[in-house]
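Residue numbers (full-length UniProt numbering), protein chains in the order written: chain A, 1 to 433; chain B, 1 to 433.
This is how it looks when you write it as C-alpha cells:
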C-alpha cells in the first residue's frame with residue numbers, strides 16, 4: 001500500500017502551506033513550527049485560561065458565533081431545516097425569535113419569558129420543560145444558511161437574497177466514493193447545538209424547531225454522543241470509533257492567527273456579496289459511516305499504517321509522543337514511517353496545503369438491517385472558504401487508505417454569520433438588514 | 001375527558017394491590033404506606049448507602065445481574081441480536097466469551113487480555129480501543145434471552161432449549177394502537193449496556209458484537225441519551241421529553257421486599273422449566289415515539305391533566321410536593337384532581353394492581369421525513385412475569401389520555417438470567433448446563 005516514492009508530494013505541499021502561512025520550509029522541518037502552530041498552542045497560550053466548568057454558560061454575544069472555537073462540548077444535536085414559507089418577513093421574524101430564544105437558553109433559562117410551567121393555564125407553555133433544573137451545560141447554538149436559502153436549484157430568488165449569496169457558498173462537488181442520501185443532505189438552514197449534557201442540546205433544538213412551526217420544517221437531524229475533536233489546547237484528545245485519538249493536529253482556539261487565516265471570513269470580502277459574512281465561517285458537515293466490522297478484523301499494524309499514528313499514545317509513526325511533529329521523511333526498515341497513503345499524511349496541513357477546524361462527533365444510529373451497527377463520525381468542519389478548506393483536504397484524501405473503511409452518506413454546507421453583538425442584534429441582521 | 005364516577009376503579013384496584021402486598025387498605029389511605037413502599041424508600045433505607053461516583057465500577061458478580069436495580073446510569077446502548085449459527089456449542093462458547101469480556105469491561109479493562117494496542121502486530125487487537133483511558137463509568141451489561149432462542153415461530157427447537165422455555169416467556173400480545181416495526185422488534189438475545197459515559201456503553205456493545213461475529217448478528221440497536229427513571233432513592237427524578245418528571249413512583253433498589261414480589265423470579269419456579277431463571281427477571285422494551293409537536297401545542301393544563309402531575313414540581317395534581325402520595329379521591333371544582341384517564345392514575349400501582357421497575361431512556365433518532373424529530377422514550381421495564389407486569393399495566397392504559405401523544409414502534413421481551421456468581425460462572429450456565 002505504501003513504499004518509497006521519490007515524487008512524494010510532501011515537499012511540494014509543504015511549500016504550498018508554508019507559503020500560505022508565511023513560514024519558511026526550514027522552520028517546519030527543523031522544529032515542526034508550522035505544524036506546531038496549527039496543531040498545538042504553546043504552554044504559554046493555555047496558561048492564562050482557567051478551564052470553565054462543564055456546567056457553566058458560554059457567552060452568547062461576541063464578534064464570532066459561539067460553537068466554533070468554543071472548546072468542543074461533549075454532546076451534539078444538529079438539525080438542518082427547510083424554509084416552508086414564501087414570506088421574507090416571516091423568515092426574518094423567525095431569526096429574531098430564534099436569536100432571543102438562543103440567548104436565553106445558552107444562559108440556562110427557558111426558551112421564552114413565560115417559561116415551561118407558568119403563564120396562562122390554557123395556553124401552551126413557551127418552553128417544553130425537559131431542561132428545568134439543568135445548568136447551562138456549556139450550551140452553544142450556532143446558525144448557518146445553506147445555498148438553497150439564496151437561490152433554489154431552479155434559480156428562483158426565494159427571499160430576495162440571490163445577489164447577496166457569497167460566491168463560495170455553493171453545493172460541494174461530488175467526491176469519488178460518495179454514497180450520499182439526499183434526504184439527509186443539504187438544507188436551507190442549520191442549527192448546531194453543542195452542550196455537555198445531551199438533554200440540554202436536545203432541548204435547545206427541540207424548542208427552536210417548535211418556535212419555527214409553520215415557517216421551517218426539519219429536513220434531517222443528527223445526534224452525536226461524543227466529541228471526536230479538541231478545539232482547545234486545554235482539552236484531552238478524544239478517541240473516535242476507530243479507537244484512535246482524533247484531532248491531535250486540529251486547529252485550536254488558541255491559534256489566533258491561524259484562525260484568522262483558515263476559519264474566519266475576513267476583511268477581504270468588503271464590498272462583495274459576502275460582506276455580511278465577515279467574522280463568520282463556512283460549516284461543512286459529512287455523515288461518515290465507519291465500517292467497524294472490517295476495521296475490527298484488521299491487524300493493529302494495518303490500522304496504524306492506515307491512520308499514520310500509533311493507536312496507544314497517538315504519536316505519529318516513527319515518533320514517541322502524541323504531539324511530536326509528524327515527520328514525513330523518517331524511514332523505518334526502508335519504508336517511510338508515516339505511509340504516504342495514511343490519513344495523517346494526506347490530511348495533515350503540511351501535505352493538504354490547508355487547515356480546517358474540525359468539530360465532529362461519534363454517532364450510533366441503530367443498525368443497518370444487515371446485521372451491523374450503523375456507526376460513524378458526524379464530521380463537522382469550519383473554514384474560511386469551503387473550496388480551500390474541506391474540498392481541498394478531501395480531494396487530497398483521494399488515495400487515503402482509510403477510504404476502505406468509511407462511506408460518506410450525507411453532506412451539507414452552510415454559511416454561518418458572525419456573532420450576535422448585543423441584545424439588539426440578531427442572527428443574519430447584516431444579511432437581511 | 002374526566003369526571004366524577006362512582007365506580008372509579010381506584011378502590012377496587014387498591015384492594016387488589018394491597019392484597020398482593022399484604023397491606024391493609026387503611027394503611028394506604030391514611031399514610032400512603034403502600035404507595036410509599038413502592039415508590040419511595042424511607043430516609044432510613046437510603047441513609048447507609050454512600051452515592052458512588054459516576055466514574056466508579058459497578059460489581060459484575062452477584063445473585064442478580066447488574067443493570068436492573070443498579071441506580072440508573074445516564075446513557076444507554078441496547079442491542080438485540082439474532083443467532084446465526086445452528087451450533088449449540090458455538091452459542092455456549094459465545095456466552096462464555098461474552099461473560100469474560102463483560103467482566104473485564106465493567107471493571108474498566110479492555111475486552112480481552114491482549115488489549116487494544118499490544119500483542120501481535122499482524123493480528124487484530126482484541127479490544128477496539130475507543131475506551132482507552134476512560135474510567136469504568138458505572139458500566140453494566142445485562143444479557144437477556146428472547147422467546148425465539150427457545151423455539152422458533154415454526155416450533156423448531158433450535159438449540160435443545162424448548163423444554164426449558166419458561167411459560168411466561170412468550171411474545172407480548174398486540175395492544176390497541178401498536179405501530180410496531182418487526183425489523184426493530186424481537187431478537188434471540190439482547191445486551192443492555194448502561195454507563196455514565198456513552199462512549200463506554202457504545203464500546204461495550206461494539207466489542208460484544210465483534211466477539212459474536214459469525215455466531216450472532218445485530219438485529220436492531222438503540223441509543224438512549226438520557227435516563228428517564230430513577231431506580232434508587234438517592235437519585236433525582238429526571239424529566240422525559242414531555243418535560244415532566246418521570247418515574248417518581250418507580251420501584252427502587254431500596255424497596256427490597258417489593259423487588260422480590262415484582263421484579264425477581266423467585267423460589268416458586270423450583271422444579272419448573274423456569275428454574276434456571278430463579279434470581280433473574282423479565283425485560284420488556286418498547287420504543288415509544290413521542291409526538292412532541294402536538295404535545296408542544298397543547299396547553300399546560302391539558303399536559304398536566306394528561307400526566308396527572310404538575311409540570312413544575314412533579315406533585316400529583318391536588319398535592320404539593322413530588323413525593324406526596326397520589327390521592328385518587330380529592331376533588332377540585334367538582335372534578336377529581338387526578339383525572340381517571342391520566343397516565344399517573346392508570347399506571348399507578350394502586351390502580352394497575354401491579355408494579356414494574358422502569359429503566360427507560362430518551363432518544364432522538366434523527367427525523368421522520370415529515371419535518372419532525374423522531375424522538376421519544378425507549379421504555380425498559382423489568383418484572384417477575386410480563387403477564388402480571390408490563391402487559392397488565394399496558395392493558396390498564398387503554399384509556400390513557402397520553403395515548404394521543406405516543407406511538408409504540410418496537411417491542412421485545414427477554415428473560416434475563418440470574419447474576420454471574422464468580423469467575424467460573426457464565427451467563428446462562430444454569431440454562432445450558
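No residue lacks a Cβ here, since even glycine has one placed at the ideal position from N, Cα and C.
In this structure, the alpha-carbon of residue 414/A lies about 5 angstroms from that of residue 145/A.
A residue is called buried once 16 or more other Cβ atoms fall within 10 Å of its Cβ, and residue 120/B, having fewer, is exposed. By the criterion of a C-beta distance shorter than 8 angstroms, residue 295/B is surrounded in its chain by 242, 303 and 405, once the five residues flanking it on both sides are discounted. In terms of Cβ geometry, residue 212/B and residue 82/B do not form a close pair [threshold 8 angstroms]. For residue 141/B, the enclosing beta strand (DSSP E) begins and ends at 140-145. Rounded to the nearest whole angstrom, the C-alpha separation of residue 54/B and residue 381/B is 22 angstroms. Between residue 199/B and residue 108/B, the alpha-carbon positions lie close to 12 angstroms from each other. Per DSSP, reduced to three states, the secondary structure at residue 262/A is helical.
Only residues of its own chain outside the window of five on either side were considered, and among them 111, 116, 203, 206, 207 and 210 have a CB closer than 8 angstroms to the CB of residue 128/B, listed in chain order. Within the DSSP secondary-structure output, residue 82/B pairs in a beta bridge with 217/B.
For the 8 angstroms CB-CB criterion, residue 376/A and residue 320/A do not form a contact. Distance from the Cα of residue 101/B is smallest, within the candidate group 354/B, 191/B, 352/B and 162/B, for 191/B. According to DSSP, residue pairing for residue 412/A in a beta bridge involves 285/A. Within the region 281-314 of chain B, contact with chain A at the beta-carbon level (separation under 9 angstroms) is assigned to 292, 293, 295, 296, 297, 298, 299, 300, 301, 302, 303, 304, 310, 311, 312 and 313. Residue pairing by DSSP places residue 331/A opposite 336/A in a beta bridge. Taken through DSSP and simplified to helix, strand or coil, residue 395/A comes out as helix. For residue 77/B, at least one C-beta of chain A is nearer than 8 angstroms to its own C-beta. CA-CA distance, residue 337/A to residue 315/A, rounds to 11 angstroms. Taken through DSSP and simplified to helix, strand or coil, residue 304/A comes out as helix. When Cβ-Cβ separations below 8 angstroms define contact, residue 360/A makes no contact with chain B. Beta-bridge partners assigned by DSSP to residue 364/A: 375/A. For residue 132/B, a Cβ of chain A is located within less than 8 angstroms of the residue's own Cβ.
Three or more beta-carbon pairs separated by less than 8 angstroms link the region 246-264 of chain B to the region 348-362 of chain B, which places the two stretches in contact. For residue 148/A, no chain B residue has a Cβ inside 7 angstroms of its Cβ, as the nearest lies near 16 angstroms away. Between residue 372/B and residue 293/B, the C-beta gap is smaller than 8 angstroms, which places the two residues in contact. The C-beta of residue 220/A comes closer than 8 angstroms to at least one C-beta of chain B. Counting only residues of its own chain and dropping the five nearest sequence neighbours on each side, residue 244/A has a CB closer than 8 angstroms to the CB of 303, 307, 309, 311 and 314. For residue 338/A, no chain B residue has a C-beta closer than 9 angstroms to its own C-beta; the minimum C-beta separation is roughly 17 angstroms.
For a Cβ distance threshold of 9 angstroms, residue set 221, 223, 365 and 366 of chain B lies close to residue 365/A, ordered along the chain.
For the pair residue 412/B and residue 179/B, the Cα-to-Cα distance works out to about 13 angstroms.
With 16 or more other CB atoms across the displayed protein chains lying within 10 angstroms of its CB, residue 361/B is buried.
If you ignore the 5 residues before and after residue 324/A, its C-beta comes within less than 7 angstroms of the C-beta of 315 and 316, all in its own chain and listed in chain order.
If the five residues before and after residue 346/A are omitted, its C-beta is found closer than 6 angstroms to the C-beta atoms of 396, 397 and 400, all from its own chain and listed in chain order.
Inter-residue distance for residue 126/B and residue 99/B is about 15 angstroms (C-alpha atoms, whole angstroms). At the C-beta level, residue 430/B and residue 274/B stay beyond 8 angstroms of one another. Counting along the chain, the unbroken beta strand (DSSP E) around residue 192/A starts and ends at 189-195.
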